[in-house]
Amino acid sequence: RDPASWLDDRVGCCLPIWYCPFLTSILTSILTSETSVIHNMKTTRFFSVLLLAAVCLSGYAQKVITAQSPAGQVSVSVTLSDRIYYDVVSHNETLLKQSVIGMQLSDKTLGANPVPKKKSVRTVKETVTPVLPLKYSQVENNYTLLTLDMKGGYAVDFRLYDDGVAFRMRTALPGEIEV
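Counting with our numbering, you get residues 1 to 179 for the letters of the sequence shown.
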């Protein structure tokens, strides 16, 4: 059996293996080396547990947050790890996978090493009257709003409609900011 798949089975709960190729290569060489000093099963288990603990405690742990549109036709999964990643699925078809959200400011990057403070999900159902109606005098505006407030004075909003997704980054930083 491929040692990397063995590692995926054991470590996947904490960290997708593709996030740490260095550790994968070390463990793969340990498990496949015929000339390795590590032939003893107890020693192999010890190194596996040690590697698992190191990965879980090293800050690579992820937080995944999901939300669905009001009718459940569109969903978004937001992964908070070293950056903010999001996936969009519509009618069981993945449209976007691991897209990155961030905003480069003159002195820092919003979205780098995100730390969530608060998450809220709410459904909005409203009727909007356009200033200049073209086809309709009133428009239904139904969506699910996922808001992620982050440490560092910013937030990310996702609006999930039954036929699309929108996001925006908001800041509460004082003074003027240069993007």
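Where a beta carbon is used, it is the ideal one built from N, C-alpha and C, also for glycine.
Predicted model, so just to flag it, every value in this text is computed and none were measured.
Identified DSSP bridge partners for residue i
i: G164; result: Y161
i: L145; result: R122, R159
i: E140; result: T127
Proximity to residue i [Cα-Cα], best of the options
i: M169; options: V121, R159, K97; result: R159
i: Q138; options: V88, G164, V115, T129; result: T129
i: V89; options: K108, M103, G72; result: G72
i: N92; options: Q68, R83, A112; result: Q68
i: R122; options: V179, E176, L148; result: L148
i: K119; options: D163, Y161, P70, Y154; result: Y154
i: I65; options: P116, K108, G102; result: P116
i: S84; options: P133, M150, D107, K108; result: Looking at the sequence itself, residue 84 is Ile, so the reference to Ser does not match. Minimum Cα distance to I84 is reached at M150.
i: T171; options: S99, M103, D82; result: M103
8 Å Cβ cutoff met for residue i and residue j
i: S77; j: Y86; result: yes
i: L95; j: G152; result: no
i: K63; j: L80; result: yes
i: D157; j: L173; result: no
i: E178; j: L105; result: yes
i: Y143; j: V124; result: yes
i: D162; j: P70; result: yes
Supposed contact pair residue j and residue i - C-beta distance, whole angstroms, cut 8 Å
i: N141; j: E126; result: 5 Å
**Message:** My parser needs the alpha helix (DSSP H) runs of 4 or more residues fully inside the segment 63-138; what are they?
**Reply:** none
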